[in-house]
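K.L.:
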Amino acid sequence: MATVDLNLVRVLGALLDERHLTRAGKRLGLTQSATSHALGRLRRLFGDPLFVRTSRGLDPTARAQELAEPVREAMRALDRCFRAEEPFVAASAARSFSVAAADYGSFVLAPKLLERLEREAPNVDLWLRPVDASFAEQLARGDADVAVAPARSDELPAGIRSRPLYRERFVCLVRKGHPLVKKGIDLASWTSMRHVLIAPRGAPGGVVDEALAQLGKRRRVALAVPHFLLAPHVVAGSDLVVTVGARVAEAFAEILPVRVVDPPVKLPGFEVRMYWHERHHRDPAQQWFRDAVREAAG
DNA sequence: GGGCGGCACAGTTATACTGA
DNA sequence: TCAGTATAACTGTGCCGCCC
Numbered sequence: 001m002a003t004v005d006l007n008l009v010r011v012l013g014a015l016l017d018e019r020h021l022t023r024a025g026k027r028l029g030l031t032q033s034a035t036s037h038a039l040g041r042l043r044r045l046f047g048d049p050l051f052v053r054t055s056r057g058l059d060p061t062a063r064a065q066e067l068a069e070p071v072r073e074a075m076r077a078l079d080r081c082f083r084a085e086e087p088f089v090a091a092s093a094a095r096s097f098s099v100a101a102a103d104y105g106s107f108v109l110a111p112k113l114l115e116r117l118e119r120e121a122p123n124v125d126l127w128l129r130p131v132d133a134s135f136a137e138q139l140a141r142g143d144a145d146v147a148v149a150p151a152r153s154d155e156l157p158a159g160i161r162s163r164p165l166y167r168e169r170f171v172c173l174v175r176k177g178h179p180l181v182k183k184g185i186d187l188a189s190w191t192s193m194r195h196v197l198i199a200p201r202g203a204p205g206g207v208v209d210e211a212l213a214q215l216g217k218r219r220r221v222a223l224a225v226p227h228f229l230l231a232p233h234v235v236a237g238s239d240l241v242v243t244v245g246a247r248v249a250e251a252f253a254e255i256l257p258v259r260v261v262d263p264p265v266k267l268p269g270f271e272v273r274m275y276w277h278e279r280h281h282r283d284p285a286q287q288w289f290r291d292a293v294r295e296a297a298g
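In UniProt numbering, the protein residues as written are 1 to 298.
1) How about Val124: is its Cβ closer than 6 Å to a heavy atom in the ligand ADP?
2) So the alpha helix (DSSP H) Met274 belongs to, where does it begin and stop?
3) Determine the contact status of Val225 and Ile198, defining contact as a CB-CB distance below 7 Å.
4) In the structure shown, what three-state DSSP assignment does Gly13 receive?
5) Looking only at C-alpha atoms, which of His195, Pro200 and Leu16 sits nearest to Ala222?
6) Using beta-carbon positions only, say whether Leu113 and Ala246 come within less than 7 Å of one another.
7) Terminal residues of the continuous alpha helix (DSSP H) containing Arg80?
8) Rounded to the nearest angstrom, how far is the Cβ of Val293 from that of Leu109, given a contact under 8 Å?
9) What residue from Val99, Leu58, Phe252 and Phe82 has the CA that sits closest to Arg175's CA?
10) For the segment 156-196, list the beta strand (DSSP E) runs that are entirely contained and at least 3 residues long, ordered along the chain.
11) Can you check whether the CB of Ala100 is closer than 7 Å to the CB of Ala147?
12) Taking the CB atoms as reference points, tell me whether Trp276 and Arg161 lie closer together than 7 Å.
13) Please report how far the alpha carbon of Leu16 lies from the alpha carbon of Pro284, in whole angstroms.
Given below as structure tokens:
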């Protein structure tokens, strides 16, 4: 291969198609003479005349006919290599995209994302996966196309890109008719209540405990759960209170006997971001999907 | 590292050759 | 005679080795 001029593959391909030296040359942007020289080099390379003269042009030898299909296949492969990147056509695409997200993120995004897929990309499937604490490695391994997670305070690892999806505020969720919650919830009632702590990684503490600590207060965590979506069900059937993102709370208030109230202390909200790997950054299909996720989050 | 000369090679023009 | 291919002579370009 090191000594083979791959331009000769183009010449051989054109000669096999045209069976006419002058026309083959024109097709390649060469003069008849240059094409004849190239044919001479091909003849030396293969040790075979490859084409014999006729009144109409050139007829391929048995060896040239033998080469026809491999040459065409090579041309097709090269064409695929050098062809400009094709745009992503959602309507005809048949593939899947995967999102790594906590159940909270999936709950917020999946319904609207699916709605868009059904509308614009009926043969595109969606795979939701649990998000790892080290989602950058998940993305680097190719286990997910995008990850949806709260913004990180530390610097992103090399090769990971991100963009904000939405900001979320915290609200409290209690059962309807809760004896301690009338119009709203005051600090004394709140600290006397039993709380549900959502701890995806199983670690104690969180934004509520930090805010209470600043006031010299504490709360009792009666139940710690690893999933966001379990907490509203627990609250609906007990006197427990849970502090969760407003999107989840408001959605469950429509389907469970629970009500949303503002917490009695100021809690900092949080930003949810979408993360993806650098190698997918310019991929038209991935760009389309990230746009769909952004729209679903909006 | 840059300039220079020699060399190889692809391509061009002009022309010779071939077969119907 | 004509359409088409092959070839001689030449040109332009790129590579390589040598020298400074």
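Ideal placement from N, C-alpha and C gives every residue a C-beta, glycine not left out. Owing to the predicted nature of the structure, the values given are computational and were not obtained by experimental measurement.
P.N.:
On the basis of the coordinates in this document:
1) Because no ligand of any kind appears in the structure shown, any question about the ligand ADP cannot be addressed here.
2) Note, Met274: premise wrong, no alpha helix (DSSP H); beta strand (DSSP E) at Phe270 to His277.
3) Yes. Within cutoff.
4) Reduced to three states, the DSSP call for Gly13 is helix.
5) His195
6) Taking 7 Å as the Cβ cut-off, Leu113 and Ala246 do not qualify as a contacting pair.
7) Ala62 to Phe82
8) 6 Å
9) Of the listed residues, the one whose Cα sits closest to Arg175 is Phe252.
10) 160-168 and 170-175
11) yes
12) yes
13) For Leu16 and Pro284, the gap between their C-alpha atoms comes out near 36 Å.
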